[in-house]
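Reading the sequence shown from the start, the letters are residues 1 to 1099 in full-length UniProt numbering. Heads up, the beta-carbon is just placed ideally off N, CA and C, and yes, glycines get one too.
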Amino acid sequence: MFAKRLLHKAIHHSQHRGLKSEDLDLRISIHYGIPTTSSTLAFDSVQRLLAIGTLDGRIKVIGGDGIEGLFISPKQLPYKYLEFIQNHGFIVSISNDNDIQVWNLETRCLACSLQWESNITAFSVISGSKFMYVGDEFGLTSVLKVDTEDGKLLQFPYNLSADSLSELAGFSFHNHQPVVGILPQPRSSGNRVIIAYANGLILLWDTSEAQILFVGGSKDLQLKDAVDIDSPDDTYEHNLQDKEISALCWASLDGSILAVGYLDGDILFWNTSSVATSSGKQTGQGKNVVKLQLSSADRRLPVIVLHWSANDRSPNNSDGRLFIYGGDEIGSEEVLTVLSLEWSNGMETLRCVGRVDLTLVGSFADMILLPSAGATGSNHRADLFVLTSPGQLHLYDGANLSNWLTQQERKPSVCPADFPMVIPTSEPLMTVAKFCMLPSGGNSSKGVSEQASVMKLGPTPALSGGLQWPLTGGVLSQLSVTKDKSVEIVYMAGYRDGSVRIWDASYPVLRPLCFLEGQVQGINVAGSSAPVSTLNFCCLTLCLVIGNECGLVRVYDLNRSSHKINCHFVTETSSEVHSLPQGEGPQCRAIISLVNSPVQTLHFGNSGARLAIGFECGRVALLDMSSLSILFFMDSVLGTSSPVVSMSSIECTNAHDSVKSTKHTETKLPENTKEEIMFILTKDAKIRCIDACSGSMISSHPWHLKKQDTAISIYVLENNVPLSALTSEKHPEEPSKDTTAQKEPRPEASSVATDPPEAHHPSSSEIACAGEQSLDALILLCCENSSRLYSIKSVIQGNDKAIHKVKHAKPCCWATTFMKDGKVCGLVLFFQTGVIEIRSLPDLELLKESSIMSILRWNLKPNMDKTMSSDDAQITLANGSEVAFISLLAGKDDFRIPESLPCLHDSVLAAAAEAAITVSSNQNKKQGSASGILGGMVKGLKGGKVNSTTKAESDFSHLEGIFLKPSFSQTFPTVANSQEVEELSIDDIEIDETPLVASSSHEFVKTKGEKETDREKLLGVPDDTKPRIRTPQEIIAKYRKATDASSAAADARNKLVERQEKLERISRRTEELQSGAEDFASLANELVKTMENRKWWHI
C-alpha cells in the first residue's frame, strides 16, 4: 500500500511538470486594426507614419505594406497629447495624469517617462528637432528634450512664466493664466514660438533674441482696424477680455498669419509680422486682425480644431485651405468645414472663395493633414485624415478637395476612402474565424504555398477611385519578403456576405492568400450569400469547408489544379455534377444542401476522409469526402431539437471487443480492426457516442449531466498518465479562484453502488473500446458553469462521475485546449466578464488568471466567441475593427519574433533624409550668407535695418545653448522696437571662418571637479557678472586714438584697400556657391524620386 501511494504521488508530481505557471506568458504577437477608443492623431511627415492615441492608454502606429504596431501604456488613461519626434524614431505622449511618456519605435517599448507635477495644458514639439515645449495650468512654459542616444527625457532650466512675459509686454494678469496653446513658428529654426493664454493673450517670443515680437488679444490692445469678412462694415469693436482661446494654427507658410479659434465660435486672423511696441499697439501697414464667422447665429459651437494648408500653387504665402471643426450654430449637423481663402494683397482683402462641409461618419475625434511626400516648391497639396468614433479612419484626397471647393454651382458629393484594413472586420462584418498551424515538412505547406504564388495578392486592398494610400512608413523584415518562403500558418475569416478570406499568418505581417465569394460561379443555389456560420480546415487534405446560416456547406480544395473541376451539388435525395470553368484560386468541389437550418459545427474525422455536419436543429450528417456522398443523415441526435455545438472523435483499435455497461450488458461495436468513435455534444450538455463510419449508436442512451447546464465544447484528450492513477485518487471539486458559491457535494457512494470496487481500477479488457492507443483517453467537457474531466468508458456507459471538476464562479463563454511539447497540457477559459483562466490538464489546477482588459484593453462583447479561434498555444480574437493574436507560452515563438517583425522606423530613410537636409542646410547657409552680405552692405550704407538670415529648418544646435540657461538670467529688451536700426560694417564680415560650436552638454549643475566655466575661461569674469551701462568718458578713453589727421587718412586708405580685396573674395565665393547649389538641386530631385519608390529590402 505504501509503495502504491508513493507511485501515485510520483505520478501526481509528473503531471505538474507538464505545465507550470512560469511556462505561461500571455502577450500580443500580432495586432491589426484601429482601436475603437481612438481619440488623437499624430503624423511623421518624413517616415510617413501615422500614430493614433486612445482613451485607454494605447498607441497604434500604422505604416505601409500592412505594417502596424501597438504600444500599451502601464496606465489605462486617455492620451491628451501625442506627437512624433520627427524622423528620429520616437513618439511622445502625455496622459491625463500628466505622465510624459517617450516610446521607442525601433524597440517597440517605453523608453522613459516623466511625471509632471502640474496639469499640462499645452504641448508642442519643435518640428524636426528633439526639443518640445510644455505649458501648464499656472502659465509656465518649460522646455524638454528627448535624448535619442540614451532614450532619456531631459528637462532644461529654461522656462517662461506668464507673469514675466506679461510684464515684458506691458500687461499684468490678475491671477494665474493657463497656457492653452504653444506653436513654434515655421522657418525660424525653433527660435520663435507663439504662446497663447486662457484669457486671450497671444505672444510671439524670440528665444535667440529673448524678446517679444508680437502681442495680440490683450484687453488693452486696440482692434478698431479689424475686418469681418461677413459684414460690409470694416470697423469691428470687440472686447477680447472675455474671449477664451480654444484652437490655433498658422495660416501662412512663413508664419506671418496666425488663425485663432475661440469658445464663442469666432475665428480671428492675426498678422504677427506687425511688430509690437511697449504700449501693446501694433505697428505696420494694413489691417492686423480679420474676423471670420461660419454662422451668423448668436449661439455657436466653440472652434475645437483648426488646421491650414497652402493651395497647390499659391502665389503668396497665405492663400490656402482652412479646416475647421466647430464654429457653427449650436444644434446644426456635425460637419467638418473646409474653406478656401485668398488674400493676395493683404489681410484686408481676405475673401472666402469656396466652402465644403464634410459630413462625418460617427462622432468627431480628431483630424490631421498629411503633406504629400516630397512636396517642394509651390506644391503643398495635403491629404486629410479624419478620425471618428468608434475607431473609424477616413481619407480625403487633397486633389479631390481642391476640385470640390471649386464646384460652386452645386453641392458636391464628398465620399472619403476608408482605412484599408488588412483583416476586414466590419465592412463586411466578420462572423467567424479559424486559425490553423500547418504540419511542418509536409505537403500541406507546399500546397498552400503554390496556391499563394498563383494569387499574388497585395498586403492591403486597393483604395477606391485609384487613390494612393499616403502611409508608406516602416520596413518589412527580410524573412517576410523572401520569395521561396513556405506557408506555415493560415488565418481564415468568414463574413456576413457569405465570402471567406484566407491569409498567410506565418509572419507578423499577414499576406492575403485567396478570396472566396459566397456565390459559386456557374451554380445558382438559394442561400449562397447567407452569412458564414462556421468553417473548418483539414491540414492533411487541404480541404476547406464552409457552412452558412441557410444550411449550405461548400467544400473547397486548396490544392492547385490545372484541369477543370467538377462540382457536386448534393441534397438529401439527389446528387448533381456541374462542370466549373477553370480559374485561379481554390475550386469548389461540392455544395451540400440537406436542411434549411444554420450549420453550427463542422468536424473532420478519419484523417480527413469523413466530414460531420452539425445543424442548429439538432441533426447530424456524415459525408464521405472521397465520393462526396452522404453516409447517413440523422433525424435527431438525442431525440430533441437542441443545437449541436461541438464534436470530437478518436480512433480506436480492437473495436470487436465489447464494452461492459453498469448493468453488465454489452453494446457491440463494429468488428473492424480500426474504427473511430465520434462524440456529439448538444447545447443542453448531452453527449451521444456514434460509430463515425456507419452512424450507428454505440450507447443506447445519451450521456447527460444531473444538473442542467449550457454546453460550450467537448475535447478528447490522450494522456500518458495511466487512467488508473487518475481514478484512484480522491479529487474534491475545486471552485474558481474567486467563487463565493457553496461547493457542490461529491456524489454519494449509493449513486455508484452498482459499480464493483474494481471499477475504479479498470483493466485493459474493460476499456477495449478505446483500444491500445486510447487507454488513457479522456473526455473534457466545458460548460458555462463548470468544466469536467471524464474517462471515455464512463461517458459511453452513461456515468457522470467526473475524475476532475471545477465549478465556475462566472459564466464561461468560450474554451480551448493547447499543447506543449506535443501534448495537450492546458485549458483556456474565457468568461463573460472578460476574465481569462488558464488551467492545467488533466488536474484542472488554476495556473494563471488574467483578463482581456489587461492584455488588450478590450471589453468582452456578445458573440465575440464566434470570431475566437486557437491552435498550438495561439489564440485569435476580433473586436470592432481590431484583430489580435495572443501567444500563451513563454519562449514559444511561432512568428519568429523579433527577427521577423517589421521595423517601424526606417533608419536608412532617416539617414538619407538627414544627409539631404544637412547638405541643403550648408548650401543655403552659404548662399544666404553671400546674398545677405551683399544686401547688408547696401542697407548698412543707407542706414536701413538688416534682417537676419533665416537658418535652415534642421539647424537646432544653437537651441541647446539657449535652453541650458535660465530664460531671465539677464536683462532683455521688453519688446522689439520698430525704430531700431541695425548697422552692419563690412569689417564685421567673416568669410569661411569656423563657427562656434554650441555646447552639447546635458548637465545643468556644475560638478565639484569644475573649477571655472567656459565663460570664465573666455572672459575672465564669473557667470553672475551683470552688464552695466558705460559712460561716454569710459568709451572715449578705451576706443579713441590719439593720432593726427595724416595718420587717420593713411589708415582710411589701407582700410579701403582691405575692403576691396574682401569684396573680390566675396564675389568669387558667391559664384562657387551658385554653381554648387545648382548641382545640389539636381541631386535632391533624384533623391526624392528614389525615396518615393524605395524598396528597402532590396538595399
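Inter-residue spacing [alpha-carbon to alpha-carbon] between residue i and residue j
| i | j | result |
| --- | --- | --- |
| arginine 688 | cysteine 652 | 17 Å |
| valine 305 | serine 363 | 14 Å |
| asparagine 1085 | alanine 310 | 21 Å |
| cysteine 415 | tyrosine 396 | 8 Å |
| aspartate 56 | glutamate 450 | 42 Å |
| proline 902 | histidine 804 | 45 Å |
| aspartate 383 | serine 629 | 57 Å |
| aspartate 44 | phenylalanine 84 | 6 Å |
| glutamate 329 | leucine 358 | 16 Å |
| valine 143 | alanine 196 | 16 Å |
| leucine 153 | threonine 710 | 54 Å |
| lysine 892 | isoleucine 886 | 12 Å |
| alanine 493 | aspartate 150 | 43 Å |
| serine 597 | serine 642 | 12 Å |
| lysine 281 | alanine 198 | The pLDDT assigned to lysine 281 is 49, lower than 50, so where the model puts this residue is not dependable; a value taken from the coordinates is nonetheless given after this. The alpha-carbon atoms of lysine 281 and alanine 198 are separated by roughly 20 Å. |
| threonine 425 | glycine 33 | 9 Å |
| serine 840 | leucine 847 | 7 Å |
| leucine 350 | phenylalanine 435 | 60 Å |
| serine 786 | aspartate 800 | 13 Å |
| glutamate 845 | valine 828 | 12 Å |
| serine 870 | serine 21 | 20 Å |
| asparagine 859 | threonine 54 | 15 Å |
| aspartate 497 | threonine 867 | 16 Å |
| valine 290 | methionine 347 | 7 Å |
| lysine 327 | leucine 401 | According to the sequence shown, residue 327 is glycine rather than lysine. So the two alpha carbons sit approximately 20 Å from each other. |
| glutamate 1072 | threonine 148 | 36 Å |
Cut-off 7 Å between Cβ atoms - residues of its own chain near residue i, not counting five sequence neighbours on either side
| i | result |
| --- | --- |
| serine 636 | Gly618, Arg619 |
| serine 164 | Phe968 |
| histidine 701 | Gly798 |
| aspartate 99 | Lys75, Ser113, Gln115 |
| leucine 110 | Gln101, Trp103 |
| aspartate 264 | Lys243, Arg300 |
Distance between beta carbons of residue j and residue i, contact taken as under 8 Å
| i | j | result |
| --- | --- | --- |
| leucine 41 | leucine 387 | 6 Å |
| serine 127 | glutamine 86 | 6 Å |
| valine 599 | serine 533 | 5 Å |
| residue 1107 | serine 648 | The structure shown has nothing for residue 1107, since the chain only spans 1 to 1099. |
| leucine 888 | isoleucine 875 | 7 Å |
| proline 531 | threonine 601 | About 16 Å; that fails the 8 Å criterion. |
| glycine 551 | serine 593 | 7 Å |
| glycine 474 | leucine 49 | 7 Å |
| isoleucine 677 | isoleucine 650 | 6 Å |
Same chain, Cβ closer than 6 Å to residue i, neighbours up to 5 away in sequence not counted
| i | result |
| --- | --- |
| leucine 339 | Leu322, Cys352, Arg355 |
| cysteine 217 | The sequence as given places glycine at residue 217; cysteine does not occur at that position. Counting only Cβ-Cβ distances below 6 Å, and skipping sequence neighbours, we find Gly200, Leu201, Ile202, Leu240. |
| histidine 704 | Lys686 |
Nearest residue (CA-CA) to residue i, options the options
| i | options | result |
| --- | --- | --- |
| leucine 405 | Leu369, Leu341, Leu540 | Leu341 |
| phenylalanine 963 | Ile897, Lys145, Tyr495 | Lys145 |
| leucine 258 | Cys825, Ile182, Leu631 | Ile182 |
| serine 161 | Ala815, Phe138, Ile489 | Phe138 |
| valine 645 | Ala815, Pro302, Arg1065 | Ala815 |
Span of the beta strand (DSSP E), counted from its first residue to its last, around residue i
| i | result |
| --- | --- |
| valine 414 | From DSSP, valine 414 is part of no beta strand (DSSP E); its letter is neither H nor E. |
| aspartate 44 | 38-44 |
| tyrosine 169 | With the sequence shown as reference, residue 169 is identified as alanine, and tyrosine is not the correct amino acid for it. Counting along the chain, alanine 169 falls outside any beta strand (DSSP E), though it belongs to the alpha helix (DSSP H) covering 162-169. |
Start-to-end residues for the alpha helix (DSSP H) that takes in residue i
| i | result |
| --- | --- |
| serine 869 | No alpha helix (DSSP H) holds serine 869; the beta strand (DSSP E) holding it covers 869-871. |
| phenylalanine 963 | 957-963 |
| glutamate 334 | Careful: glutamate 334 lies outside any alpha helix (DSSP H) and carries neither H nor E. |
| asparagine 400 | 398-406 |
| lysine 145 | Note, lysine 145: premise wrong, no alpha helix (DSSP H); beta strand (DSSP E) at 140-147. |
| valine 795 | 792-797 |
Minimum Cβ-Cβ distance from residue i to chain C less than 8 Å
| i | result |
| --- | --- |
| aspartate 357 | The chain inventory of the structure shown lacks chain C, comprising one protein chain alone. |
Cβ-based neighbour list, residue i, same chain, cut-off 8 Å, excluding 5 preceding and 5 following
| i | result |
| --- | --- |
| leucine 463 | Leu395, Ala417, Pro420, Trp469 |
| arginine 857 | Pro35, Thr37, Thr54, Asp56, Gly57, Arg58, Ile72, Gln76 |
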